[in-house]
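The structure under discussion appears below in the form of structure tokens.
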Amino acid sequence: MRFPYNHVDDLRKLMPDLTEEEIARTDFGRYTTEQFYDDMFRVTRYKTDPQLCEQLVMRSYDTMLWLRSKGIRFVPIYGRQTFQQNGKLKFWGGVTVESWGGGPGLIDQETQAARKSGVAFRYSARVLSLVYDGFAVQGVRVKEPDGISEIRSKTVILACGGFEANAEWRTRYLGSGWEMAKVRGTRFNTGDGIRMALEIGASPYGHWSGCHAVGWDNNAPEFGDLAVGDGFQKHSYPLGIMVNAHGRRFVDEGADIRNYTYAKYGRVILAQPDQFAWQVFDSKVLHLLRDEYRIKQVTRVKADTLEELAKKIEGVDAKAFLEEVRRYNAAVMTHVPFDPLVKDGRGTVGLDVPKSNWANVIDQPPFEAYQVGCGITFTFGGLRVDPPTAQVMDTDLCPIPGLYAAGELIGGFFYFNYPSGTGLTTGAVMGRIAGTTAGRLAAGQ
């Protein structure tokens, strides 16, 4: 989860069980509010809604402390966001903390906190529409195994995700070919919350043709697998090269730290011939690959020569691949030191598709290659809300009484791309705002 902090003491407030030994062997660095703003605006091409962005940046650390007060445990995200340098683990990319137990751990902890607070859950209950009298939202219509009923309430908060699991909507809004993408998460995020709000006149907002999509194992299932979790992702591409079916590189793998490129490269992979690519590494960097490269469910080939590897990477023009590697190797600026912790400037010279950082000659066996396709995480388009209250706005830009929103169905935060770790933080910040304002209304305040 991305949030600003100035010192390790800020992190200790979130992680009081952080040991002295962990602190001694780790360089946590700092990540300021200014850096957070800069990353949000730079990565979204300066399109992020300034008021929404302000809520995210300025309320994120306090929201993390609030989550901690509710019993959510946080730990350093060592496995994905550190490299070792001079005997210390050093964090990079502005992301330092994750929930204990990852995604499943976060859900378990939040469920426990909700039950402790008296929250009731209804499973196998699909919300069909909002109960709306032309002025205010007064509840929802729900389909359950025993039939359809209405649940009346003073307020409704929509927090049910985007439309990434809806193949028809993906093709309609993201474009041709998006029905072929794999869904990283739940099959239930089909845009229902967005649809029912639009049906009563809510204002659509944000980048409706944009989404968060990554390099995802090409043979992963159609929807996310809870047993594997994020293991199907493959995010160490800056350390190697990616080639398409024609054997050619097609993207600058080292354009920026992977935290600021991974969420847009899924779209690029989907646009390649047959919608796949192979990530290629040699033995110099294999020890630096993230944990997800070592799972059992992985599409991987190994070889002791590049010629042997070329025969094994299925669907790729072998001759063109070998020629592409030869050109790439000859272009690497080997006199520049390699440093995976920063944009090291170790690039290439004279290639049509450059590699700007972390370029290494691919020449030391054994060689490994991993086949990836496109995995969509969430969509960027959604509903317009009033940033300080999270109240949904109608097409006249007036608030709809009784209706609030949180999470990825809010449009306006992300355009074109996404800084890693901001999704969960956005959901927490806007969820807290929506819950507070809707709760006060429901209590008659």
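Here the sequence shown is numbered in our numbering, starting from 1 and rising by one per residue.
Note that beta-carbon positions come from the ideal geometry of N, C-alpha and C, so glycine has one too.
Beta-carbon proximity check, residue i vs residue j, cutoff 7 Å
i      : j      : result
Ser209 : Leu158 : no
Cys211 : Thr379 : yes
Ala318 : Ala310 : yes
Gly373 : Asn218 : yes
Arg30  : Gly421 : no
Val454 : Ile410 : The first residue shown for the chain is 1 and the last is 445, placing residue 454 beyond what the model contains.
Ile313 : Ala369 : yes
Gly347 : Met333 : yes
His235 : Ala320 : no
Ala213 : Gly402 : no
Lys284 : Asn357 : no
Thr82  : Phe414 : no
Gly177 : Gly412 : no
Val131 : Gly139 : yes
Trp278 : Gly375 : no
Asn417 : Ala263 : yes
Asn244 : Pro221 : no
Asp27  : Lys88  : yes
Lys485 : Pro366 : A query on residue 485 cannot be resolved here, the shown segment of the chain reaching from 1 to 445 and no further.
Which listed residue (the options) has its alpha carbon closest to that of residue i
i      : options                           : result
Met180 : Met64, Gln275 and Gly412          : Gln275
Ile113 : Lys70, Gln35, Arg80 and Pro16     : Strictly speaking, residue 113 in this sequence is Ala, with Ile absent from that position. Nearest C-alpha to Ala113: Lys70.
Ile433 : Val95, Gly29 and Gln391           : Gln391
Leu288 : Thr395, Gln85 and Leu306          : Gln85
Asp225 : Val214, Asn189, Gly201 and Arg184 : Arg184
Ile257 : Leu341, Glu110 and Val228         : Leu341
Asp146 : Tyr123, Tyr78, Gly162 and Leu239  : Tyr123
Ala405 : Lys88, Gly105 and Ala202          : Ala202
Trp92  : Ile269, Arg126, Leu351 and Asp344 : Asp344
Ala120 : Glu110, Arg290 and Ile23          : Glu110
Pro76  : Lys13, Gln364, Ala303 and Gln51   : Lys13
Asp304 : Asp291, Phe281, Glu323 and Val298 : Phe281
Ser99  : Ser129, Leu65, Gly431 and Ser117  : Leu65
Met40  : Met58, Ala24 and Leu18            : Met58
Asp230 : Thr186, Gly139, Glu150 and Ile148 : Thr186
Glu168 : Gly191, Arg249, Ile200 and Ile269 : Gly191
Pro354 : Val325, Gly382 and Gln364         : Val325
Asn6   : Tyr61, Glu54, Asp17 and Glu20     : Tyr61
Asp352 : Ile151, Glu21 and Phe250          : Phe250
Gln51  : Ile107, Tyr37 and Tyr328          : Tyr37
DSSP-derived helix/strand/coil call for residue i
i      : result
Cys398 : coil
Lys13  : helix
Cys53  : helix
Thr26  : strand
Met1   : coil
Glu110 : helix
Lys90  : strand
Val392 : strand
Met126 : For clarity, residue 126 is Arg in the given sequence; the question names Met instead. Three-state result, Arg126: strand.
Arg152 : strand
Thr437 : helix
Gln445 : coil
Lys143 : strand
Gly412 : coil
Thr422 : helix
Phe281 : strand
Glu98  : strand
Val228 : coil
Asp133 : coil
Gln272 : coil
Val385 : strand
Leu288 : helix
Ala120 : coil
Ala406 : coil
Presumed contact (8 Å Cβ cut-off) between residue i and residue j, rounded CB distance
i      : j      : result
Leu11  : Val97  : 7 Å
Val156 : Ser149 : The pair is not a contact, with the Cβ atoms about 15 Å apart (cut-off 8 Å).
Ile194 : Phe163 : 6 Å
Leu397 : Lys154 : Going by Cβ atoms, the distance from Leu397 to Lys154 rounds to 23 Å, so no, they are not a contact pair.
Asp291 : Gly79  : 5 Å
Leu306 : Leu286 : Not confirmed; about 15 Å, so no contact.
Gly407 : Gly161 : 6 Å
Asn259 : Pro419 : 6 Å
Gln297 : Val228 : 6 Å
Contact with chain D by residue i, beta-carbon distance below 7 Å
i      : result
Gly266 : Absent here is chain D; the protein component of the structure consists of one chain.
With a floor of 3 residues, list each beta strand (DSSP E) that falls wholly inside the region 234 to 266, ordered by position along the chain.
-> 241 to 243
What are the complete beta strand (DSSP E) segments, minimum 3 residues, inside the region 293 to 374?
-> 300 to 303
Length-filtered (3 minimum) beta strand (DSSP E) runs lying within the region 33 to 88 = 74 to 76 and 82 to 85
Which full runs of the beta strand (DSSP E) of 3+ residues lie inside the region 170 to 219, going along the chain?
-> As far as the region 170 to 219 is concerned, its whole beta strand (DSSP E) runs of at least 3 residues are 211 to 217.
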